[in-house]
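Beneath this line is the structure, given in structure tokens, with notes to follow.
Numbering (the UniProt record's numbering), first residue to last: 1 to 219.
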């Protein structure tokens, strides 16, 4: 029986995280791991644990997510980082928000489980971007949708074009302008799995690079 919802995990060098993450994904979801230029065993680990693997050679978060969206076949689509920082069980509440008709897209708001999980530079950038979006569009959420669920057809119809780190910002902006109903649920934000490193929050340089992508989308 086909899964109710496809779960896209954009991954680059996340083999150590996937070993612990994939066995915890609820059966409601069929996992699509998008290998975005990994140099480790990300693809092999994903396949060995039952995930479908899609390769996307163009670098960038948006490129990886879009490749997963195109590969998906279920009516509902979920997206989440594959670094072990989120509990996939939290997706069930978001999926129910969309299935029930209460939302066109349900998103997660990160709540760090301990100090140091969310570095100051990454959090500051997040706050600035969301302030701008609320001012510009009336956005009702407080995070850039690191975990989200919507209908696949609706997402494709939005025509999100950014293929770098600006993807979630463009998504939120276009969703608001299209009149989507957005809801937000608190989700636990854990430390990344050992042996992995964030391409954004793992360094000030990564955060600055992401901020430039955000600014380009908002300009």
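Built from N, CA and C at the ideal position, the CB exists for glycine as well.
Nearest to residue i by CA position, among the options, is which residue?
{"i": "residue 194", "options": "83, 78 and 30", "result": "83"}
{"i": "residue 67", "options": "119, 145 and 35", "result": "35"}
{"i": "residue 102", "options": "150, 167, 19 and 27", "result": "150"}
{"i": "residue 47", "options": "22, 125, 183 and 57", "result": "22"}
{"i": "residue 98", "options": "37, 119, 76 and 81", "result": "76"}
{"i": "residue 144", "options": "81, 96 and 178", "result": "81"}
{"i": "residue 119", "options": "189, 31, 19 and 43", "result": "189"}
{"i": "residue 33", "options": "26, 56 and 39", "result": "56"}
{"i": "residue 44", "options": "71, 25, 24 and 18", "result": "18"}
{"i": "residue 176", "options": "71, 134, 117 and 100", "result": "134"}
{"i": "residue 137", "options": "179, 153 and 16", "result": "179"}
{"i": "residue 152", "options": "24, 72, 41 and 132", "result": "72"}
{"i": "residue 6", "options": "164, 51, 50 and 78", "result": "78"}
{"i": "residue 142", "options": "49, 53, 31 and 185", "result": "185"}
Assuming residue i contacts residue j under a Cβ cut-off of 8 Å, what Cβ separation, rounded to an integer in Å, is found between them?
{"i": "residue 158", "j": "residue 171", "result": "7 Å"}
{"i": "residue 8", "j": "residue 93", "result": "Wrong, their Cβ atoms sit about 18 Å apart, outside the cutoff."}
{"i": "residue 4", "j": "residue 74", "result": "7 Å"}
{"i": "residue 106", "j": "residue 183", "result": "5 Å"}
{"i": "residue 26", "j": "residue 88", "result": "6 Å"}
{"i": "residue 117", "j": "residue 16", "result": "Actually they are not in contact, since the Cβ atoms of residue 117 and residue 16 sit about 17 Å apart, beyond 8 Å."}
What residue range does the alpha helix (DSSP H) around residue i cover?
{"i": "residue 96", "result": "91-99"}
{"i": "residue 10", "result": "Element bounds for residue 10: not the alpha helix (DSSP H) but the beta strand (DSSP E), 5-11."}
{"i": "residue 152", "result": "152-158"}
{"i": "residue 175", "result": "167-177"}
CB-CB under 7 Å to residue i, same chain, minus the five flanking residues each way: which ones, in chain order?
{"i": "residue 187", "result": "86, 90, 108, 109, 110, 111 and 147"}
{"i": "residue 59", "result": "36 and 37"}
{"i": "residue 113", "result": "188, 189 and 190"}
Could you please give the first and the last residue of the uninterrupted beta strand (DSSP E) stretch that includes residue i?
{"i": "residue 182", "result": "182-189"}
For residue i, which residues of its own chain have a beta-carbon under 8 Å away from its beta-carbon, when the five flanking residues on both sides are left out?
{"i": "residue 160", "result": "62, 66, 167, 170, 171 and 174"}
{"i": "residue 221", "result": "Since the first residue of the chain shown is 1 and the last is 219, residue 221 is not available in this structure."}
{"i": "residue 20", "result": "84 and 193"}
{"i": "residue 196", "result": "13, 14, 16, 17, 83 and 84"}
Tell me which residues share the same chain as residue i and place their Cβ nearer than 6 Å to its Cβ, disregarding the 5 neighbours each side in the sequence.
{"i": "residue 64", "result": "10, 34, 36 and 56"}
* **Those runs of the alpha helix (DSSP H) which lie wholly inside the UniProt domain "Glycosyltransferase 2-like" (8-131) and span at least 4 residues** => Runs found: 15-21, 42-48, 61-71 and 91-99.
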